[in-house]
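Numbering follows numbering that gives the first Met the number 0, with no gaps: position 157 of the sequence shown is 156.
In this text, a Cβ means the ideal position worked out from N, Cα and C, and glycines have one as well.
Small disclaimer: the values here were computed from a predicted structure and weren't measured.
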Amino acid sequence: MNKKIVTFLEISIIILAMAYYIIKIMIPEYKENTGSSDRFINSSQVVNLVEVRIDNQTDFMLAYNAKGRIIHLFFFDNYSMSLYNKSIESQTIENGIERIITILIENQLLRSESQIEILRTDDEKYELFHTSWIEIMNKNGISPTITEEKQDITDRAKQLGIDTDSFSSTLWEIDLYSKEIIKAYAQKQETLDERTSSEYANNIYKKLEQLKNSKDEEEIPISLIPADENHKYYPTDRSWYKIENEKIYAFIEIKDEKQSYAYCYKGTIDDRTKGECEA
C-alpha cells in the first residue's frame, strides 16, 4: 500500500479517536462539573434541601443529589445574589461550601459575630454538609453562632406564598420565585434602541425554540427568560407565547424606562412583524 495512504489513514484514525474522546468523555465530564444559577431545578435528582439564613438578611437554599453534589441554588434576597453564577452548582458539597463561605466572607456577609440558621428538609448527607460547613469556617478563622432545625419544604413554600400539591411542583414554584429575585436584581436601566431590542427579541424566540425541543414538561414563563448575556433585559409581563402545530407564536415586548419595543412572531423567527399581534 502507498506510504502516503497509510500515513493518511493513521492520521484519520487518530483524529477520529480524539473526536470520540472529546464527545464521549471530555464534554460529559465538563457538563457534570460546571453549573449555572440560571438553570431550572430538576426535582427528580434532589435528595435533600438545606436553607442557610445569615443575620436575617442573607437567605439561600442548596439542593444536592445522591452523589453529594450541589445541583441547584435558590435565592431569596439580594444579599444572597453574591453567590449567583459563581460556579457553585455541580460542585461537591465540600468544594461548594468552601466556595460559598469564601464569597460570603469576601462580601462581609459572614463574620464571627454572625447568627446562622440552617434548616434541612432531610438527613440525607446532612452530616457531610454540617461537618464541611464547620471545618471551612474554622479554617477561615470564624466561629459564628449556629442553630440547626428541620423544616418541611411545603411549609417553607407557604411562607413564600406558594401552595402546591407535590414535591416537584413545590420546587418548581420556589425556583420561579428565586428566578424573580434574580431577574429583579440583574435588571439595570439602560437605553434600548431598535437594533438591540430586535436582537434581544430574537434571542428570546430562539430560547423558546430550544425549550420546545427539550424534555421539560413544565412551561417556563416567558418573562423569566433573559434577553441578553448580562441578564439586564427580560420580556415584559405583557409578553406571551403559545405552541400550535409544532410552531411557536409569540408576542415579545422589551422595554426600559424610556423606550419599549414589541414584536409579533407568527410561527417562525423569520415571520415577524413589529408591534402588537393581531387578534
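At the C-beta level, Tyr204 and Ile253 stay beyond 8 Å of one another. With respect to the 8 Å criterion, Lys246 and Tyr262 are not classified as neighbours on the basis of their beta carbons.
By the Cβ criterion, the segment 78–91 is not in contact with the segment 139–150, since fewer than three pairs of Cβ atoms, one from each stretch, lie closer than 8 Å. Taking Asn201 as the centre and dropping the five residues before and after it, the same chain places the C-beta of Ile268 closer than 7 Å to its C-beta, in chain order.
Asn212 is classed as exposed because its beta carbon has fewer than 16 other beta carbons within 10 Å across all chains shown.
One alpha carbon belongs to Leu170, the other to Ile40, and they sit about 7 Å apart. Here Tyr176 is actually not in contact with Leu191; their C-beta atoms are around 27 Å apart, not less than 8 Å.
Excluding sequence positions up to five before and after Asp270, its CB lies within less than 8 Å of the CB of Tyr264, all in the same chain and listed in chain order. Ile115 sits close to Thr144, with the two beta carbons spaced by under 8 Å. Relative to the Cα of Phe128, the nearest Cα in the group Glu179, Ile242, Ile104, Ile69 belongs to Ile69. Counting the other CB atoms within 10 Å of its CB gives Ala65 a total below 16, which places it among the exposed residues. About 11 Å separates the beta carbon of Val46 from that of Arg119, a gap too long to meet the 8 Å contact definition. Distance from Leu109 to Ile100 at the Cβ level is roughly 6 Å; contact confirmed, criterion being Cβ atoms closer than 8 Å.
Unbroken alpha helix (DSSP H) stretches of 4 residues or longer found wholly inside the segment 122–165: 125–138, 152–158, given in chain order. For Ile117, the enclosing beta strand (DSSP E) stretches over residues 114–119. Counting only the Cα atoms, Phe166 lies some 31 Å from Ala249. Distances from the alpha-carbon of Ser86 to those of Thr235, Lys157, Asp37, Glu243 put Asp37 closest. Excluding its 5 nearest sequence neighbours in each direction, Asn139 has C-beta neighbours in its own chain below 7 Å: Ile100, Ile104, listed in chain order. For Gly266, the enclosing beta strand (DSSP E) stretches over residues 259–266. The three-state reading of DSSP puts Glu172 in helix, counting H, G and I together.
Here Glu228 has no same chain residue with a Cβ atom under 7 Å from its own Cβ, once five neighbours each way along the sequence are excluded. Per the DSSP secondary-structure output, Lys246 pairs in a beta bridge with Glu243. In the DSSP assignment, Thr57 falls within the beta strand (DSSP E) that extends over 57–63. Under the DSSP assignment, Thr101 falls in the alpha helix (DSSP H) whose first and last residues are 92–105. The beta carbon of Thr146 sits closer than 6 Å to the beta carbons of Glu116 from its chain, once the five residues preceding and following it are set aside; these are given in chain order.
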